[in-house]
Amino acid sequence: MANRYAESNVPMDRRHPSRMTVRQRFYLVEVLAGLRLTGVRFFANMWRHTLHAVGIKAARGAVTIQYPEERRPYSPRLRSLHRLVRREDGSPRCVACMMCETVCPAHCIYIVATEHPNPDIEKVPARFDIDLGKCVFCGYCVEACPEDAIRMDTGILEFASYSRAGMIYTKEMLLALEPAQADGAPTSPVPIPADRKVGEPQPEARRADMGIPRAERGGEPQP
Ligand code: SF4
Ligand code: SF4
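In terms of the numbering used here, the sequence shown is residues 1 to 223.
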């Protein structure tokens, strides 16, 4: 069967026949056509925005989200920065069972267990660090928790840091966070990583601690 493009075109690559016309292959014409289209859209949108600004609300130009001052509503299912849920007295609901640390595929949770002052509660985390530089936001830790003590509903997505050590979030930082609003907007201020705070100790030591075996952290019965 004859190639139906053969009469109107000269393929650039014979394995992938091109449909470009001679005019299209003279790129300057296409560049000018693209600039003309961009200009038409730009001035049409500017005109609509001007009408909208002077009170003609029916005229709406292209919608641009002025991030970070404006935000798109987030889905309620969005997995954002973790937080530790508090009891009524402000202590963590977490009982240091190590389930989340065990299930975490990125091995980025580090817990040190200690005895709870309340005899009805066996343990409480003395330390609970999450290395967000390694976290893959799978949500397994939330699913595995038997106490509903860890959630990923803060709506906070901006937790960049200048160093890997600054991505480690401690128990105190995670306990201070609140759930997001109904539209997904954060209610807590975006936490400032430790390596940006003046006078804060660098958390390098915490990262080094993450290699300590779980049994030495009270997470498993001692022999
Ligand atoms: S979201 Fe996934 S990777 Fe991140 S801490 Fe939880 S279990 Fe680990
Ligand atoms: S699974 Fe829940 S209760 Fe257990 S250590 Fe993790 S956050 Fe705490």
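Just so you know, even glycine gets a beta-carbon here, dropped at the ideal spot from N, CA and C. What you are looking at is a predicted structure, and each value in this text was computed from that prediction instead of being measured.
- Query: Is the closest heavy atom of ligand 1 to the C-beta of residue 146 under 7 Å?
  - Reply: No, Cβ of residue 146 sits at least 7 Å from all heavy atoms of ligand 1.
- Quickly, what does DSSP pair residue 123 with across the bridge? List them, please. Its beta-bridge partners are 115.
- Query: Can residue 174 and residue 84 be called in contact, C-beta distance under 8 Å?
  - Reply: Yes, they are a contact pair.
- Beta-carbon separation (whole angstroms), residue 44 vs residue 51, contact threshold 8 Å: Taking C-beta atoms under 8 Å as the contact rule, residue 44 and residue 51 fail to qualify, at a distance of about 11 Å.
- Query: Going by alpha carbons, who is nearest to residue 180 out of 153, 169, 157 and 190?
  - Reply: When each option's Cα is compared against that of residue 180, the closest is 153.
- Assign residue 232 to one of three DSSP states: helix, strand, or coil. In this structure the chain extends from 1 to 223, so residue 232 is not present and cannot be described.
- Message: Across the region 71-80 and the region 111-121, are there enough close Cβ pairs to call them in contact, namely three or more that are closer than 8 Å?
- Response: Contact annotation: the region 71-80 does not touch the region 111-121, with fewer than three C-beta pairs closer than 8 Å.
- Three-state secondary structure (DSSP) of residue 151: In the three-state reduction of the DSSP assignment, residue 151 falls in the strand class.
- Distance between residue 161 and residue 139 (C-alpha atoms, nearest Å): Rounded to the nearest angstrom, the gap between the Cα atoms of residue 139 and residue 161 is 22 Å.
- Helix, strand or coil: which one does DSSP assign to residue 43? Looking at residue 43 - three-state DSSP - the assignment turns out to be helix.
- Query: Between the region 122-133 and the region 89-109, do three or more beta carbon pairs fall short of 8 Å?
  - Reply: The region 122-133 vs the region 89-109: in contact.
- Query: Can you tell me where the alpha helix (DSSP H) with residue 99 in it begins and where it stops?
  - Reply: For residue 99, the uninterrupted alpha helix (DSSP H) run begins and ends at 99-103, by DSSP.
- Count the other C-beta atoms from every protein chain shown that fall within 10 angstroms of the C-beta of residue 81, then say buried if there are 16 or more, exposed otherwise. By the neighbour-count criterion, in which a residue is buried when 16 or more other Cβ atoms sit within 10 angstroms of its Cβ, residue 81 is buried.
- Residue from 187, 210 and 101 whose Cα sits closest to the Cα of residue 146: For residue 146, the closest alpha carbon among the candidates 187, 210 and 101 is that of 101.
- Query: Would the beta-carbon of residue 142 fall within 8 Å of that of residue 92?
  - Reply: When the beta-carbon positions are compared, residue 142 and residue 92 stay at least 8 Å from each other.
- Task: Sort out for me which residues DSSP pairs residue 224 with in a bridge.
- Result: This structure leaves residue 224 out entirely; the chain is present only between 1 and 223.
- Task: Using 7 Å as the cut-off, classify the Cβ of residue 94 as near or not near the heavy atoms of ligand 1, replying yes or no.
- Result: No, since every heavy atom of ligand 1 falls outside the 7 Å radius drawn around the Cβ of residue 94.
- Identify, in the order they occur along the chain, each residue of the same chain with its Cβ nearer than 7 Å to the Cβ of residue 121, setting aside the five sequence neighbours on each side. Scanning its chain for C-beta atoms nearer than 7 Å, with the 5 sequence neighbours on each side dropped, one finds around residue 121 the residues 95, in chain order.
- CA nearest to the CA of residue 105, picked from 117, 134, 87 and 118: Of 117, 134, 87 and 118, the residue nearest in Cα terms is 134.
- Query: Mapping DSSP to helix, strand and coil, what is residue 201?
  - Reply: Note that residue 201 scores 49 on pLDDT, short of 50, meaning its location in the model is unreliable; the coordinates nonetheless yield the value given after this. If DSSP states are grouped into helix, strand and coil, residue 201 belongs with coil.
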